[in-house]
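A.B. asks: Converting from the sequence shown to our numbering requires adding 6 to each position, the first position being numbered 1.
Ideal Cβ positions, reconstructed from N, Cα and C, are used throughout, including at glycine.
Sharing a structure below in structure tokens format, with a few things to ask.
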Amino acid sequence: MNMVEEIRSDLDRSADVLSDGESGVLLKLGSSGGSQSPVLSSIKGDSMASAQDNISTPGKTSFAKPAHIGRMMLVKGAAYKTWHAFIYYCYTNKINFSPLKSQKSLPESPQLFFAAHNSPKCSPKSMYRLADKMRNTQLKQFAFNAIRASLSKENILKEALSRFTSRYPEIQKMEIDILVANRTKPELAQALPGAFQDMALGKTPHSQRVLSAFMQRLLPV
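Right, dumping it as structure tokens:
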């Protein structure tokens, strides 16, 4: 069994849990028996609270008791494909990203991030969210670079005004820079009035910060 099949097999055993919006993954970061591999345990529903209690309360039986305790984190809200790619990255230091949904064409993922030919793909935005939760700065930067490489005059406005962008100041700054650089392009000039109207009508309140910052950048100093 090769590395991809081995990781997929481990994750497939937890597929129902990983795909459930109310589920989480208990991830041990650190060594176990001399290995640097991560240790995953899946938790579902009511088991989460008891698992957290078991880990943090002395004297109780722990949910997972590896040979050497590193750092335990309960992580929720990541898709199966994202976990698959993340675990593969932990084992191999290789990552491969899919194109953004907003891209009209579907080119191959930019081969700038130690991508492997047979490595599992995932959304760079999903991986950025997970890497941010895990405080994995290197993987977060890889995902950031993939998002930036996927932006163009055709999709920059949609991405800049997305809920995802509204949650991350560093993504906002990068995408506002691209918005300003492409402000004279017909694609943006035609779409901006509608974007401001949607914000004014309360349809996209999360876009207010980006649009305000964009307008401030256009004002003379």
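Check whether the Cβ of Ser-125 lies closer than 9 Å to any Cβ atom in chain C.
C.D. replies: Note that chain C does not occur in the displayed structure, where there is just one protein chain.
A.B. asks: In the DSSP assignment, the alpha helix (DSSP H) including Gln-144 goes from what residue to what residue?
C.D. replies: 143-155 is the extent of the alpha helix (DSSP H) around Gln-144.
A.B. asks: Secondary structure at Leu-80, three-state DSSP: helix, strand or coil?
C.D. replies: In the structure shown, Leu-80 sits in a strand (DSSP, three-state: E or B).
A.B. asks: Among the residues of its own chain, which have a CB less than 8 Å from the CB of Leu-198, if the five just before and after it don't count?
C.D. replies: Around Leu-198: Leu-163.
A.B. asks: Going by C-alpha distance, which of Ala-206, Arg-173 and Gln-178 is nearest Arg-154?
C.D. replies: Among Ala-206, Arg-173 and Gln-178, the Cα nearest to that of Arg-154 is on Gln-178.
A.B. asks: Where does Asn-99 land, buried or exposed, given buried means 16+ other C-beta within 10 angstroms?
C.D. replies: Exposed, since its Cβ has fewer than 16 Cβ neighbours within 10 Å.
A.B. asks: Given a threshold of 16 other Cβ atoms within 10 Å of its Cβ, counted over all protein chains shown, does Leu-136 qualify as buried or as exposed?
C.D. replies: It is buried - the Cβ of Leu-136 has at least 16 other Cβ atoms within 10 Å.
A.B. asks: Contact check, Ser-213 vs Ala-201 under 8 Å by CB: the rounded distance?
C.D. replies: Confirmed, Cβ separation roughly 7 Å.
A.B. asks: Would Ile-182 pass as a contact of Val-216 if the rule is Cβ separation under 9 Å?
C.D. replies: Cβ atoms of Ile-182 and Val-216: closer than 9 Å.
A.B. asks: Quick one: grab the DSSP three-state call for Lys-110.
C.D. replies: Lys-110: coil per DSSP, three-state reduction.
A.B. asks: Thinking just about the alpha-carbon of each residue, which of Ser-168, Arg-141, Ala-85 and Thr-190 is nearest to the one in Asp-204?
C.D. replies: Of the listed residues, the one whose Cα sits closest to Asp-204 is Ser-168.
A.B. asks: Work out the CA separation of Phe-92 and Met-133 for me, nearest whole Å.
C.D. replies: In a straight line, the C-alpha of Met-133 is about 8 Å away from that of Phe-92.
A.B. asks: What is the C-beta distance between Tyr-94 and Ser-125, in whole angstroms, given that I count them as a contact (C-beta under 8 Å)?
C.D. replies: Right, their Cβ atoms sit about 6 Å apart.
A.B. asks: Just to check my reading of the structure: Pro-130 and Ala-152 have Cβ atoms closer than 8 Å, yes? What is that Cβ distance to the nearest angstrom?
C.D. replies: Yes, Pro-130 and Ala-152 are in contact; Cβ-Cβ is about 4 Å, under 8 Å.
A.B. asks: In angstroms with no decimal places, state the Cα-to-Cα distance between Lys-82 and Lys-107.
C.D. replies: Distance between the alpha carbons of Lys-82 and Lys-107: 23 Å.
A.B. asks: In the structure shown, what three-state DSSP assignment does Lys-139 receive?
C.D. replies: Reduced to three states, the DSSP call for Lys-139 is helix.
A.B. asks: For Ala-187, which option in Met-140, Ala-85, Gln-222 and Lys-159 has the closest C-alpha, if you only look at C-alpha atoms?
C.D. replies: Looking at the Cα atoms, Lys-159 is the closest of the given residues.
A.B. asks: Compute the Euclidean distance between the alpha carbons of Ala-206 and Ser-218, then round it to the nearest angstrom.
C.D. replies: About 12 Å.
A.B. asks: What's the gap between the Cα of His-90 and the Cα of Ala-149?
C.D. replies: Taking the straight line from one Cα to the other gives about 15 Å.
A.B. asks: Under a three-way DSSP split, which group does Lys-159 fall into?
C.D. replies: DSSP places Lys-159 in coil when its eight states are reduced to three.
A.B. asks: Using a threshold of 9 Å, state whether the C-beta atoms of Ser-104 and Cys-128 are closer than that.
C.D. replies: Yes; because the gap between Cβ atoms is below 9 Å, this pair is in contact.
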